[in-house]
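As you go down the protein sequences, you meet chains E and P in turn.
Position 220 of the first sequence, counting from 1, maps to 220 under full-length UniProt numbering, and the rest follow consecutively.
Position 171 of the second sequence, counting from 1, maps to 171 under full-length UniProt numbering, and the rest follow consecutively.
Beta carbons: idealized from backbone N, C-alpha and C, even for Gly.
Number of protein chains: 2
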Amino acid sequence: MMKPPKRAAMAAQAIRELIAAEFELGDQLPSEAELARRLAVSRVTVREALGQLWLEGLISRRWGVGTFVRQRPGPAAGPFTSVFVDLHDIGSLPHRIAATGRTPSLPHARAEQVPATPEAAAALGVPEGERIWRVERCLAIDGTPAIVLHDHVPLKVNGVPFDPAPVTGLGGDFPTLVHATGTRIVRDEARLEAALAGEGVAKLLGVDAGTPVLTTRQTSHADTGTVVLSTRCYYRQEVFSILLVRTVPY
Amino acid sequence: MMKPPKRAAMAAQAIRELIAAEFELGDQLPSEAELARRLAVSRVTVREALGQLWLEGLISRRWGVGTFVRQRPGPAAGPFTSVFVDLHDIGSLPHRIAATGRTPSLPHARAEQVPATPEAAAALGVPEGERIWRVERCLAIDGTPAIVLHDHVPLKVNGVPFDPAPVTGLGGDFPTLVHATGTRIVRDEARLEAALAGEGVAKLLGVDAGTPVLTTRQTSHADTGTVVLSTRCYYRQEVFSILLVRTVPY
Numbered sequence: 001m002m003k004p005p006k007r008a009a010m011a012a013q014a015i016r017e018l019i020a021a022e023f024e025l026g027d028q029l030p031s032e033a034e035l036a037r038r039l040a041v042s043r044v045t046v047r048e049a050l051g052q053l054w055l056e057g058l059i060s061r062r063w064g065v066g067t068f069v070r071q072r073p074g075p076a077a078g079p080f081t082s083v084f085v086d087l088h089d090i091g092s093l094p095h096r097i098a099a100t101g102r103t104p105s106l107p108h109a110r111a112e113q114v115p116a117t118p119e120a121a122a123a124l125g126v127p128e129g130e131r132i133w134r135v136e137r138c139l140a141i142d143g144t145p146a147i148v149l150h151d152h153v154p155l156k157v158n159g160v161p162f163d164p165a166p167v168t169g170l171g172g173d174f175p176t177l178v179h180a181t182g183t184r185i186v187r188d189e190a191r192l193e194a195a196l197a198g199e200g201v202a203k204l205l206g207v208d209a210g211t212p213v214l215t216t217r218q219t220s221h222a223d224t225g226t227v228v229l230s231t232r233c234y235y236r237q238e239v240f241s242i243l244l245v246r247t248v249p250y
Numbered sequence: 001m002m003k004p005p006k007r008a009a010m011a012a013q014a015i016r017e018l019i020a021a022e023f024e025l026g027d028q029l030p031s032e033a034e035l036a037r038r039l040a041v042s043r044v045t046v047r048e049a050l051g052q053l054w055l056e057g058l059i060s061r062r063w064g065v066g067t068f069v070r071q072r073p074g075p076a077a078g079p080f081t082s083v084f085v086d087l088h089d090i091g092s093l094p095h096r097i098a099a100t101g102r103t104p105s106l107p108h109a110r111a112e113q114v115p116a117t118p119e120a121a122a123a124l125g126v127p128e129g130e131r132i133w134r135v136e137r138c139l140a141i142d143g144t145p146a147i148v149l150h151d152h153v154p155l156k157v158n159g160v161p162f163d164p165a166p167v168t169g170l171g172g173d174f175p176t177l178v179h180a181t182g183t184r185i186v187r188d189e190a191r192l193e194a195a196l197a198g199e200g201v202a203k204l205l206g207v208d209a210g211t212p213v214l215t216t217r218q219t220s221h222a223d224t225g226t227v228v229l230s231t232r233c234y235y236r237q238e239v240f241s242i243l244l245v246r247t248v249p250y
């Protein structure tokens, strides 16, 4: 669950280098099986790496035909818009952003104990007004504010005091911290909505108050059957967007 | 690809009846394997059915523990907010809505030939201004407008004239019509955004112009490597919302 997507990132980098060394614009790349053999990784890893390169616009894929060089690797340009998230993997967003070669940073991060709002109380299944942790973060990509996250966690998880301090830096992530309490996050649910950016969120994202923003209301469910984390995310859509991909097996 | 989710809908209905007949509030349901045996369906079908019942609020699931009756089956109440979509299955939204026991309808549907706008031309890979099909539909759930869809399709798909007339009724769906041209949709991409409802969309959805709405920009890729369908959807979020679920394997 907690692995940063290192294998796929390394495979993506290896394929970038392969393209730079051996392939021209429009060339067809070797098959997934052949790439897996050459890179000595699994086909799953190759597929994840190709997904990332496709999102970067480096390759195009003609279904049933193959994968082609659409653009030769060069310095990253243009806004960052996509990070490949395997739906079966619940991990750290900064790790994923770093894995694409972009630099994540946290220009704003604060953890504080607050009384649970009605919404946070309902999500976490605690009494309204009970003290909980609230973590407010702004995640930037290559220096541009991209996502504002409001996380809510009970003061104790699985009876163990929970300290969110590590997530106010890039090194920490909630799944790891929750895991340290002997609990494992096994399910994340994110409800997608449109909203108008309020003053606070707008200021952090660098947009005008009242700008329409994509938001998610997320709950992370532990293997104990309880919700251990409730998160509201706000995305600045010129910088970060969510792409849902559905495929039919070949 | 085109199967309406009949098996899962039938399994969900069978589990509803099972709960009504044999189970009380708070009771634990049999395991997935046991339900699969009793219903004589696959575990995949049971899982999809339980996903639907969970979205309906009928059951709760304690991960690693089991599935419990959260609410006894009764007449559907409250707004419809969720339809379970398996990400590996590209199918018909009205079919899925019907499979949850709700009634889909099309209070508005129109197909017309129009010159391709820059956005539609770019998505479909045709010259700007080339004549294409534009289908505008409003999909209602139990009589309440829920989704406005703007579909764009070339006049010919795979060299075969394309007639969108069937999708202006509930019986037709794009994957089937595209398949009739000898082409198969193998990949759908949906980019999620927040926008303000314009006059036309607002009127169809029954909301005020300027209301923030969730929208998706979708492209459907055929096995020939081309985009055969470009769709913009607008969701009325009090009626229909999108829930992304990520799970970690047990």
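How is residue i classed by DSSP in three states: helix, strand or coil?
{"i": "Leu-243 (chain E)", "result": "strand"}
{"i": "Gly-210 (chain P)", "result": "coil"}
{"i": "Ser-41 (chain E)", "result": "One point to set straight first is that residue 41 (chain E) is Val, not Ser, in the sequence displayed. Correct three-state label for Val-41 (chain E): coil."}
{"i": "Val-65 (chain E)", "result": "coil"}
{"i": "Glu-24 (chain P)", "result": "coil"}
{"i": "Glu-17 (chain P)", "result": "helix"}
{"i": "Glu-238 (chain E)", "result": "coil"}
{"i": "Pro-70 (chain E)", "result": "Pro is not the amino acid found at residue 70 (chain E); the sequence shown has Arg there. It is coil, neither helix nor strand."}
{"i": "Gly-78 (chain E)", "result": "Low per-residue confidence applies at Gly-78 (chain E): pLDDT is 46, beneath 50, and the placement is therefore not dependable, though the value from the model is reported in the following sentence. Coil."}
{"i": "Glu-136 (chain E)", "result": "strand"}
{"i": "Leu-229 (chain E)", "result": "strand"}
{"i": "Ala-8 (chain E)", "result": "helix"}
Rounded to the nearest angstrom, how far is the Cβ of residue i from that of residue j, given a contact under 8 Å?
{"i": "Pro-161 (chain E)", "j": "Leu-177 (chain E)", "result": "Their Cβ separation, rounded to whole angstroms, is 11 Å, which puts Pro-161 (chain E) and Leu-177 (chain E) out of contact at 8 Å."}
{"i": "His-150 (chain P)", "j": "Ala-123 (chain P)", "result": "About 11 Å; that fails the 8 Å criterion."}
{"i": "Ile-147 (chain P)", "j": "Leu-192 (chain E)", "result": "The Cβ separation is near 14 Å, so there is no contact."}
{"i": "Thr-168 (chain P)", "j": "Ala-111 (chain P)", "result": "5 Å"}
{"i": "Val-245 (chain E)", "j": "Arg-187 (chain P)", "result": "7 Å"}
Leaving out five residues before and five after residue i in sequence, what residues of the same chain have Cβ atoms less than 7 Å from its Cβ?
{"i": "Ala-209 (chain P)", "result": "Ala-197, Gly-198, Glu-199 and Ala-202"}
{"i": "Ala-158 (chain E)", "result": "A small fix is needed here, since residue 158 (chain E) is Asn in this sequence, not Ala. If we look at Asn-158 (chain E) and ignore the five residues flanking it on each side, its Cβ neighbours are Thr-181, Gly-182, Thr-183 and Thr-224."}
{"i": "Pro-79 (chain E)", "result": "Any reading at Pro-79 (chain E) must be qualified, since the residue scores a pLDDT of 48, below 50, and its modelled position is unreliable; the value itself is stated next. If we look at Pro-79 (chain E) and ignore the five residues flanking it on each side, its Cβ neighbours are Glu-238 and Val-239."}
{"i": "Arg-37 (chain E)", "result": "none"}
{"i": "Val-41 (chain E)", "result": "Arg-7 and Ala-11"}
{"i": "Ser-60 (chain P)", "result": "Phe-68 and Arg-70"}
{"i": "Gly-26 (chain E)", "result": "Phe-68 and Val-69"}
{"i": "Leu-14 (chain P)", "result": "Looking at the sequence itself, residue 14 (chain P) is Ala, so the reference to Leu does not match. Leu-39."}
{"i": "Gly-172 (chain E)", "result": "Pro-166"}
Within a Cβ cutoff of 6 Å, which residues of the same chain sit near residue i, ignoring the five residues on either side of it in sequence?
{"i": "Thr-211 (chain E)", "result": "Ala-197"}
{"i": "Gln-28 (chain P)", "result": "Gly-66 and Phe-68"}
{"i": "Thr-219 (chain E)", "result": "Ala-123, Glu-189, Val-227 and Ser-230"}
{"i": "Gly-64 (chain P)", "result": "none"}
{"i": "Phe-23 (chain E)", "result": "Val-69"}
{"i": "Gln-71 (chain E)", "result": "Gly-57 and Leu-58"}
{"i": "Cys-138 (chain E)", "result": "Pro-107, His-108, Pro-145, Val-148 and Leu-204"}
{"i": "Glu-48 (chain P)", "result": "Ala-8"}
{"i": "Pro-94 (chain E)", "result": "Pro-104 and Leu-170"}
{"i": "Arg-43 (chain E)", "result": "Glu-32 and Ala-36"}
{"i": "Leu-214 (chain P)", "result": "Tyr-235 and Gln-237"}
{"i": "Arg-217 (chain E)", "result": "Arg-191 and Arg-232"}
{"i": "Leu-18 (chain E)", "result": "none"}
{"i": "Glu-136 (chain P)", "result": "Arg-110 and His-150"}
Using a Cβ-Cβ cut-off of 8 Å (strictly less than) and excluding sequence neighbours within five positions of residue i, which residues of its own chain qualify?
{"i": "Ala-116 (chain E)", "result": "Leu-124, Val-126, Pro-127, Glu-128, Gly-129, Glu-130, Arg-131, Ile-132 and His-152"}
{"i": "Arg-134 (chain P)", "result": "Ala-111, Glu-112, Gln-113, Val-114, Ala-120, His-150, Asp-151 and His-152"}
{"i": "Leu-155 (chain P)", "result": "Gln-113, Arg-131, Ile-132, Trp-133, Pro-161 and Phe-162"}
{"i": "residue 288 (chain P)", "result": "Any property of residue 288 (chain P) remains undetermined from this structure, which presents chain P solely from 1 to 250."}
Note to self: Restricting to runs no shorter than 3 residues, where is the beta strand (DSSP E) found entirely within the segment 144-203 of chain E?
What the structure shows: 144-154 and 185-196
Checklist line | Within the segment 93-131 of chain E, ranges of the beta strand (DSSP E) (whole runs, at least 3 residues) | finding: 104-115
Notebook entry, point to check: Quick one, which residues of the segment 173-207 of chain P are near chain E if we go by CB-CB under 8 Å, in chain order?
Noted result: Arg-184, Ile-185, Val-186, Arg-187, Asp-188, Glu-189, Ala-190, Arg-191, Leu-192, Glu-193, Ala-194, Ala-195 and Leu-196
Notebook entry, point to check: What residues from the segment 92-121 of chain E come within 9 Å of chain P, judged by C-beta to C-beta, listed N to C?
Noted result: none
Notebook entry, point to check: What residues from the segment 209-223 of chain P come within 8 Å of chain E, judged by C-beta to C-beta, listed N to C?
Noted result: Pro-212, Val-213, Leu-214, Thr-215, Thr-216, His-221, Ala-222 and Asp-223
Next item on the list: Would you list, in chain order, the members of the segment 223-249 of chain P that have their beta-carbon closer than 9 Å to a beta-carbon of chain E?
Entry: Asp-223, Thr-224, Gly-225, Thr-226, Tyr-235, Gln-237, Ser-241, Ile-242, Leu-243, Leu-244, Val-245, Arg-246, Thr-247, Val-248 and Pro-249
Check: Of all the residues that make up the segment 42-70 of chain P, which are near chain E by a beta-carbon distance shorter than 7 Å?
Finding: Arg-62, Trp-63, Gly-64 and Val-65
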